[in-house]
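Structure, as structure tokens:
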Amino acid sequence: MKILIADDDRITRQVLEHNLSRWGYDVISAMDGAEAWDAFVKHSDLNLVVTDWMMPRMNGLELCHRVRGVKRDQHIHIIMLSARDEKKDLLKGMEAGADAFLTKPLSLMELQAQLRVAERIARLEQNLSERLSDLTTANERMKRDLEAAGRIQRSLLPERAPNIRGVRPAWAFQSCDAVAGDMLNVFYLDEHRMGMYILDVSGHGVQAALLSVTLSRVLTPFGQYGGILKRPLKVPPYYEVPSVVDVARELNQRFPVMEQSGQFFTFLYGILEIATGTFRFVRAGHPGPIHISGQNVALFEEKGGPPIGIFKDAVYQEESFELVPGDYVLTYTDGVIEVTNPEGRMFGLNKLRQLLEYCPCRDAESAIDEILRHLGRFADGTTPNDDLSMLGFTLGRRS
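Heads up, the sequence shown is in UniProt numbering, so the first residue is 1 and it goes up one at a time.
Laid out in structure tokens, this is it:
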């Protein structure tokens, strides 16, 4: 431990130098506060300052103020020496930054006791610093892992606007954390049908993201007969496409709410018959789709079953509507309508509907872009507290 002594009394200074050196400390000595301040600035490895109160050029109070005004990696312990022992003087010293007081004439036993206190504080500070360093390292590693997980999760999203036999999908995906509980996809089921889903896992962070990634693996039409989206048959075409209700039921059986996490998810799954423009869908606690045909905006919010996993015998219903070429459909997670502004007001479903009624959007892609612009202006810098996802498609001219 390196100690700086500041005292204009030569005998006191020599007594301190001799005994501190004898006790194994590295000592730097100064004859007044100004000289001590210069030494403090020069030696960045000082651990402790022992200073007299009354000194020429710069007194002990001013030296304390200056020392406390310098940011160092470690705490500098300050022991003030003074013949003053009144309470008001002690308070002045504490306000200036002194950690302890010793009255003159100096007691070496009291000085040793104060040095042991300073050493304990230094050890505690060192231990704390090491633990904070370990926590920082672990936090940085976790941050890198989360960023990598986020990249993997985003890689599961569909390719940008794949054209499916004249059907033009579009989507947006914004997570409020490094990883998200939202997931979406759009895909061929076969040459006649396009499938799409959007889901929202309860909660946020890693736990929600793990379930959303698991669901994206289950809800794929590729691989061996596409899991629950296609069932194998022994006769041509060697598969069948289950109804949207069957898919919701099977998910509900596979993913019951876990007692420990309490996780569930909302879900919307739809199948478009490309040739006829019929769109069949099922809702499980999820916002309904929006059908835009010219200036007409139709919402489907009345029917639907509970979120997946809450009730073992949940009942789900198929709904449908017809599209004509030029119509488009939008689906979204509740993070869209729950965007808040600085006053705490939510964007809301009515504002979303009005936007779609009056915006000059010709397809799902331009509508999603317009919604994102309006949400950004509405939020006005407010940090989102939920993931935000949209998935839609535009029905083109039939060949």
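All C-beta atoms, glycine included, are put in the ideal place defined by N, C-alpha and C. These figures come from a predicted structure and were not determined experimentally.
Residue i versus residue j: straight-line alpha-carbon distance, rounded
i: S366; j: G205; result: 30 Å
i: M390; j: R66; result: 58 Å
i: Q114; j: K92; result: 19 Å
i: V27; j: S175; result: 57 Å
i: E75; j: L48; result: Note on residue identity: the sequence assigns His, not Glu, to residue 75. Distance between the alpha carbons of H75 and L48 is about 9 Å.
i: E370; j: D45; result: 59 Å
i: R72; j: G381; result: 36 Å
i: R362; j: I292; result: 10 Å
i: M94; j: A118; result: 16 Å
i: V245; j: Y197; result: 13 Å
i: N127; j: R120; result: 11 Å
i: Y225; j: A138; result: With a pLDDT of 44 at Y225, under the threshold of 50, the modelled position of that residue is not reliable, and the figure given next carries that caveat. So the alpha carbons of these two residues sit roughly 42 Å apart.
i: I274; j: E140; result: 48 Å
i: P360; j: E322; result: 22 Å
i: residue 411; j: G376; result: What the structure shows of the chain is the stretch from 1 to 399, and residue 411 is not part of that stretch, so it cannot be assessed.
i: F180; j: K143; result: Note that residue 180 is Ala in the sequence shown, not Phe. Going by the C-alpha atoms only, they are around 14 Å apart.
i: A364; j: T136; result: 44 Å
i: G97; j: A36; result: 16 Å
i: D32; j: S133; result: 38 Å
i: F264; j: V167; result: 31 Å
i: K351; j: D182; result: 22 Å
i: G69; j: E62; result: 11 Å
i: L108; j: R116; result: 12 Å
i: R165; j: R131; result: 59 Å
Residue i classed as buried or exposed, judged by whether at least 16 other C-beta atoms fall within 10 angstroms
i: L124; result: exposed
i: Y332; result: buried
i: T383; result: exposed
i: N185; result: buried
i: Y269; result: buried
i: I152; result: exposed
i: T266; result: buried
i: S202; result: buried
i: R193; result: buried
i: P222; result: The sequence as given places Phe at residue 222; Pro does not occur at that position. Flag for F222 reads exposed.
i: H43; result: exposed
i: L111; result: buried
i: N288; result: Reading the sequence as shown, one finds Gly at residue 288 and not Asn. Buried.
Anticipated Cβ contact below 8 Å, residue i with residue j, distance rounded
i: I79; j: V41; result: Actually they do not touch by this definition, with Cβ atoms about 20 Å apart.
i: A170; j: F347; result: 20 Å between Cβ atoms; not a contact.
i: I308; j: L395; result: Not confirmed; about 28 Å, so no contact.
i: I271; j: L189; result: 7 Å
i: E240; j: R231; result: 5 Å
i: I337; j: L349; result: 5 Å
i: A34; j: L4; result: With 8 Å as the limit, A34 and L4 do not qualify as a contact, their Cβ atoms being about 13 Å apart.
i: I310; j: L299; result: With a Cβ gap of about 24 Å, I310 and L299 do not count as contacting.
i: L20; j: D52; result: No, L20 and D52 are not in contact; Cβ-Cβ is about 15 Å, not under 8 Å.
Cβ shell of residue i (< 8 Å), same chain only, five flanking positions each side left out
i: G305; result: A248, V282, R283, A284, G285, A314, V315, Y316 and Q317
i: T220; result: N185, F187, G226, G227 and L229
i: E324; result: Glu is not the amino acid found at residue 324; the sequence shown has Val there. G277, S293 and L395.
i: E357; result: Q295 and V297
i: E17; result: I5, V27 and S29
i: P237; result: D190
i: S129; result: D73 and Q74
i: T12; result: D52, L81, K104 and L106
i: R353; result: I290, V297 and L299
i: W23; result: Q112 and L115
Cβ-based neighbour list, residue i, same chain, cut-off 7 Å, excluding 5 preceding and 5 following
i: A83; result: T103 and K104
i: L372; result: A172
i: H374; result: L355
Contact with chain D by residue i, beta-carbon distance below 9 Å
i: Q114; result: Reference to chain D is not applicable here, since this structure consists of a single protein chain.
Contact set for residue i: own chain, Cβ-Cβ below 6 Å, skip 5 residues either direction
i: K2; result: D26, D45, L46 and N47
i: L388; result: Q174, G335 and V336
i: D327; result: S293 and L395
Open item on the list: Counting beta carbon pairs with one atom in the stretch 205-219 and one in the stretch 279-299, are three or more of them shorter than 8 Å?
Closed with: no
Open item on the list: With three or more C-beta pairs closer than 8 Å as the rule, is the stretch 44-56 touching the stretch 7-20?
Closed with: yes
Task: Validate contact between the stretch 330-345 and the stretch 294-305 using beta carbons, cut 8 Å, 3 pairs - done: no
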